[in-house]
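Our numbering numbers the first residue of the sequence shown as 36 and each following residue consecutively.
Even glycine gets a Cβ: it sits at the ideal position worked out from N, Cα and C.
For clarity, every value in this text was computed on a predicted model and none was experimentally measured.
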Amino acid sequence: MEYISTAEAAEKWGVSLRWVQRLLADGRIPHAKKYGKSWMIPYDAEKPADPRREKKPSRNMPASDLSHILAATSLPLPAHNPDAILDYAGERRARRQYEAELAYLRGDFAQTMRCFHETKGDAAARLRICISAIAAAISLGDYPAYTESETHLEQCLKNNPGGDVSAFAEMALATATVSVIAPNMAPKWLQEGDMSALSPELRPFALYLRAKYFQCMNQVDSMFAVSQAALSLSEPERGISQTGLYLRLCCAMACHALE
């Protein structure tokens, strides 16, 4: 990642050096690093908005907004040219989600996090992308980015108790527990396999998390059974789905471990 000094950032954004220093002190410039008494700022960092001019966001997220972004980002990737999905995705927020997922699958975790940071101010899009972002932050060992994702998810739970929004946030947080192999921290619903709070379209991914939970517990037979059952019950895929790909990987890992 390329960095610039605080003076260069001030010139680039057309603001005073003191204003940039205040932003740094408030922690409002993501991924800025301090070396001794000096700060270095990512070259592609965007100028934070003036908090005096920002509108206060609504505390509650309409479930319909989440449903809309989920529907817009549930198309399978074309089998022979996954990047073509970017041409099919209509709105920018949907393309950003696909960009994040493709980047994650290719190991470009930094790009996944850049897509995550672009969702600032769009609560539903940020919630949708958190599953990829929280996994990418763990892969990068980027604790501040992980904390940013986790904080947003916990805020969604606090402000939207019950319903689809909190269920999706719970599922995203569960992704973190299986990603860091911490099954003892997995939510009760994942440990018990109770997915009644999840809408039907979310259950295949939740079953993948359940399979990963069994992997963390070294219960390979159960891991294989859940993955295979989830795939057999899924609708035929007309391309590549992220969930289908992960379930197949679970099947392959389980088969290898059982040999």
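Of the choices the options, whose alpha-carbon is the least far from that of residue i?
| i | options | result |
| --- | --- | --- |
| A84 | G156, N219, E236, K69 | G156 |
| T186 | A211, N219, V255, L175 | A211 |
| A168 | Q190, R131, P196, N195 | R131 |
| S99 | C290, E46, R161, D199 | D199 |
| A221 | S201, C251, R127, L105 | C251 |
| T108 | F151, F144, I164 | I164 |
| I104 | R127, N116, K82, A119 | R127 |
| M36 | L112, M75, S267 | M75 |
| M230 | L58, A217, A209, P218 | A209 |
| N219 | N195, N253, L280, Q190 | N253 |
| D177 | L162, G62, H66 | H66 |
| K72 | K82, Y78, Q56 | Q56 |
| A170 | A119, L140, E294, T154 | L140 |
Would you kindly report the start and end of the unbroken beta strand (DSSP E) that includes residue i?
| i | result |
| --- | --- |
| M75 | 73-77 |
| K69 | 68-70 |
| S299 | The shown model of the chain, from 36 to 294, leaves out residue 299, and the question about it has no answer. |
Under 8 Å between the Cβ atoms of residue i and residue j?
| i | j | result |
| --- | --- | --- |
| L121 | E134 | yes |
| L42 | I64 | According to the sequence as given, residue 42 is Ala; it is not Leu. The answer is no: Cβ separation not under 8 Å. |
| A292 | V261 | no |
| A180 | M148 | yes |
| A159 | L101 | yes |
| M206 | L237 | yes |
| L188 | F144 | no |
| C285 | A246 | yes |
| L52 | A45 | yes |
| P239 | T278 | yes |
| K69 | W48 | no |
Starting from residue i, follow the alpha helix (DSSP H) in both directions and report where the run begins and ends.
| i | result |
| --- | --- |
| I169 | 158-175 |
| K193 | 178-194 |
| K223 | 223-227 |
| L282 | 277-293 |
| G374 | What the structure shows of the chain is the stretch from 36 to 294, and residue 374 is not part of that stretch, so it cannot be assessed. |
| G198 | 198-214 |
| S262 | 255-268 |
| R245 | 238-251 |
Rounded to whole angstroms, how far is the Cβ of residue i from the Cβ of residue j, which I believe are closer than 8 Å?
| i | j | result |
| --- | --- | --- |
| A265 | L282 | 5 Å |
| I275 | A114 | 6 Å |
| V215 | I173 | 6 Å |
| A232 | A202 | 5 Å |
| Q263 | Y248 | Not confirmed; about 16 Å, so no contact. |
| P111 | R273 | 6 Å |
Enumerated in chain order, which unbroken segments of the alpha helix (DSSP H) with a length of 4 residues or greater are wholly contained in the stretch 122-156?
If we require 4 residues or more, the alpha helix (DSSP H) runs fully inside the stretch 122-156 come out as 127-140, 144-152.
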